[in-house]
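Trainee:
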Amino acid sequence: MTEGGPGWWPDVPLGAGVGRVALDGNGLAALAKPEGTLSHPNGPGEESRSLVCAPYDEKEECFFWTDAAGAVRKLWLINRLDSVTSGLILAATHAELARAVKAQFRQRQVQKVYQALVFGRPRQEEELWKDRLAVHQRGGHIRTRAGGGRLPAQSRMTLVRTLAGPPRLSLLQLEPHTGRSHQLRVQCAKRQLPIVGDRTYGDFAANKAFAKAGGPKRMFLHSLRTAFDYEFGGRTHPFAAEAPLPPEFSAFG
9 MTEGGPGWWP
19 DVPLGAGVGR
29 VALDGNGLAA
39 LAKPEGTLSH
49 PNGPGEESRS
59 LVCAPYDEKE
69 ECFFWTDAAG
79 AVRKLWLINR
89 LDSVTSGLIL
99 AATHAELARA
109 VKAQFRQRQV
119 QKVYQALVFG
129 RPRQEEELWK
139 DRLAVHQRGG
149 HIRTRAGGGR
159 LPAQSRMTLV
169 RTLAGPPRLS
179 LLQLEPHTGR
189 SHQLRVQCAK
199 RQLPIVGDRT
209 YGDFAANKAF
219 AKAGGPKRMF
229 LHSLRTAFDY
239 EFGGRTHPFA
249 AEAPLPPEFS
259 AFG
């Protein structure tokens, strides 16, 4: 069995609804995470709600488990998504590969494409959003604020379509050039385009009315596509993956 190849994966205890959407010859994989699933367990007893139903080593940033043959297996996590965000998460089958790919994220060489359903309509069909964010962590919860912060945040926004409503909804394509915590959620809210179902930065009254009218109970933010080149084993390797929009989005497409 080749490490990281297709035959390596059946023993990986993927979480409920998690699927593999891409895999390259080095063992780099793209997984599609459902809304509500944790990128990794944050504490004891949370393994069943995680991307992989296994303990997680915070220092090594990897999952670990014992397979049917009694061997210890590991899967390294490359990036993370909020539990309420669905879509692509990358993972590597060995540490050296994980380090090589993470280097691309640090150097901002990774193209990331999200789609979001928001209340309202942007003033322009395409804009480059630039903000300064402040990120705070209290009691294990991250909160981000636009304005008055020191962290630069940039995202490219493109309007995909607008639905007349009521309520008036727009599907946006968002391409973050930086990777700040809750960046897209805060940047949308700042421009009076709160993401549908966002309980932290969104419009409480609009979310309540949307749910009362039968709208799906989720936050409508999805990591759709990623593409980049990375250096490994003395060669350059291209990688691209896509996690199609969940069915909940199709009703508003």
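Quick note: to get this note's numbering, add 8 to the position in the sequence shown (first position is 1).
Quick reminder that beta carbons are idealized off the backbone N, C-alpha and C, glycines included.
Please read these numbers as outputs of a predicted model, since none were measured by experiment.
1) Under a Cβ-count criterion, where at least 16 other Cβ atoms within 10 Å of its own Cβ denotes burial, should Lys-67 be classed as buried or exposed?
2) Identify the continuous alpha helix (DSSP H) that holds Val-196 and give its terminal residues.
3) Helix, strand or coil, according to DSSP, for Lys-138 in the structure here?
4) So Gln-162 is in the beta strand (DSSP E); what residue range does that whole segment cover?
5) Mind checking Gln-195: buried by the 16 CB within 10 Å criterion, or exposed?
6) For Gly-135 and Gln-162, I'd like the C-alpha separation in whole angstroms.
7) Compute the distance between the beta-carbons of Gln-119 and Phe-228, then report whether it is under 8 Å.
8) Between which two residues does the alpha helix (DSSP H) holding Val-109 run?
9) Which one or two residues does DSSP pair with Lys-41 in a beta bridge?
10) Are the segment 152-170 and the segment 126-141 in contact at 8 Å, needing three or more beta carbon pairs?
11) I want to know whether the segment 246-258 touches the segment 218-234 - three or more CB-CB distances under 8 Å.
12) Contact between the segment 62-77 and the segment 207-215 is defined here as three or more beta-carbon pairs at a separation below 8 Å; is this criterion met?
13) Could you check which residue in Arg-28, Leu-182 and Ala-62 has the C-alpha nearest to that of Val-80?
14) Report the option in Ala-99, Gly-187, Arg-146 and Thr-101 whose CA atom is closest to the CA atom of Arg-140.
15) Pull the bridge partners of Leu-31 from the DSSP assignment, please.
16) Reducing DSSP to helix, strand and coil, say where Lys-82 ends up.
17) Go ahead and pull the three-state DSSP assignment for Ala-124.
18) Are the beta-carbon atoms of Arg-226 and Glu-183 separated by less than 8 Å?
19) What are the residues that DSSP puts in a beta bridge with Arg-146?
20) Comparing C-alpha positions only, which one of Glu-55, Ala-37 and Ile-203 sits nearest to Pro-246?
21) Hey, quick one: how far does the beta strand (DSSP E) through Glu-239 stretch, first residue to last?
22) In whole angstroms, what is the alpha-carbon distance linking Ala-40 and Gly-155?
23) Are there 16 or more other CB atoms within 10 angstroms of the CB of Ile-150, so buried, or fewer, so exposed?
24) Give me the DSSP bridge partner(s) of Gln-181.
25) How many Å lie between Ala-124 and Gln-181 at the Cα?
26) Among Val-20, Ser-47 and Lys-198, which one has its Cα closest to the Cα of Lys-138?
27) Please confirm whether Pro-52 and Tyr-64 have their CB atoms less than 8 Å apart.
Mentor: Once the coordinates are examined:
1) Within the sequence shown, numbered from 1, the residue matching residue 67 stands at position 59. Under this definition Lys-67 is an exposed residue.
2) Numbered from its first residue, the sequence shown carries residue 196 at position 188. According to the sequence shown, residue 196 is Cys rather than Val. Cys-196: member of the alpha helix (DSSP H) spanning 191-198, first to last residue.
3) As a working note, residue 138 is residue 130 in the sequence shown. Strand, per DSSP.
4) For the purposes of this step, residue 162 is identified with residue 154 of the sequence shown, where counting begins at 1. Run containing Gln-162: 159-171, per the beta strand (DSSP E) assignment.
5) Translated into positions along the sequence shown, residue 195 becomes position 187. Counting Cβ neighbours within 10 Å, Gln-195 comes out buried, since at least 16 surround it.
6) Taking the first residue of the sequence shown as position 1, residue 135 is located at position 127. Taking the first residue of the sequence shown as position 1, residue 162 is located at position 154. First, the amino acid is wrong: residue 135 is Glu here, not Gly. When only Cα atoms are considered, Glu-135 and Gln-162 end up about 10 Å apart.
7) The residue labelled residue 119 in the question sits at position 111 within the sequence shown. The residue labelled residue 228 in the question sits at position 220 within the sequence shown. Remark: C-beta atoms of Gln-119 and Phe-228 do not approach each other more closely than 8 Å.
8) Position 101 of the sequence shown holds residue 109. Residues 103-114.
9) Against the sequence shown, residue 41 aligns to sequence position 33. Secondary-structure assignment with DSSP links Lys-41 through a beta bridge to Gly-95.
10) Under the 8 Å Cβ criterion, the segment 152-170 counts as touching the segment 126-141, having at least three qualifying pairs.
11) Note that the segment 246-258 touches the segment 218-234; at least 3 beta-carbon pairs, one per stretch, sit closer than 8 Å.
12) With contact defined as three or more Cβ pairs closer than 8 Å, the segment 62-77 and the segment 207-215 are not in contact.
13) The residue labelled residue 80 in the question sits at position 72 within the sequence shown. That would be Ala-62, whose Cα lies nearest to the Cα of Val-80.
14) Locating residue 140 in the sequence shown gives position 132, where the first residue counts as 1. Closest by alpha carbon: Gly-187.
15) Locating residue 31 in the sequence shown gives position 23, where the first residue counts as 1. For Leu-31, which the question treats as bridged, DSSP gives the partners Ala-37.
16) Here residue 82 is taken as the residue at index 74 of the sequence shown, counted from 1. When DSSP states are grouped into helix, strand and coil, Lys-82 belongs to the strand group.
17) For the purposes of this step, residue 124 is identified with residue 116 of the sequence shown, where counting begins at 1. Collapsing the DSSP output to three states places Ala-124 in a strand.
18) What you label residue 226 is simply residue 218 of the sequence shown in a count that begins at 1. What you label residue 183 is simply residue 175 of the sequence shown in a count that begins at 1. No, these two residues do not count as a Cβ contact at 8 Å.
19) Numbered from its first residue, the sequence shown carries residue 146 at position 138. Answer is His-149, bridged to Arg-146.
20) As a first step, residue 246 must be located in the sequence shown, where it is residue number 238. When only C-alpha atoms are compared, the closest one is Ala-37.
21) Position 231 of the sequence shown, counting from 1, holds the residue named residue 239. Counting along the chain, the beta strand (DSSP E) containing Glu-239 begins and ends at 229-240.
22) For the purposes of this step, residue 40 is identified with residue 32 of the sequence shown, where counting begins at 1. For the purposes of this step, residue 155 is identified with residue 147 of the sequence shown, where counting begins at 1. Looking at the backbone, the Cα of Ala-40 and that of Gly-155 are separated by about 33 Å.
23) Numbered from 1 along the sequence shown, position 142 holds the residue referred to as residue 150. Exposed.
24) The sequence position of residue 181 within the sequence shown is 173, counting from 1. In DSSP, Gln-181 forms a bridge with Gln-123 and Thr-166.
25) Indexing the sequence shown from 1 puts residue 124 at position 116. Indexing the sequence shown from 1 puts residue 181 at position 173. So the two alpha carbons sit approximately 7 Å from each other.
26) Residue numbering aside, residue 138 sits at position 130 when the sequence shown is read from its first letter. The candidate whose alpha carbon is nearest that of Lys-138 is Lys-198.
27) Looking up residue 52 in the sequence shown gives position 44. Looking up residue 64 in the sequence shown gives position 56. Not in contact: Pro-52 and Tyr-64 (Cβ atoms no closer than 8 Å).
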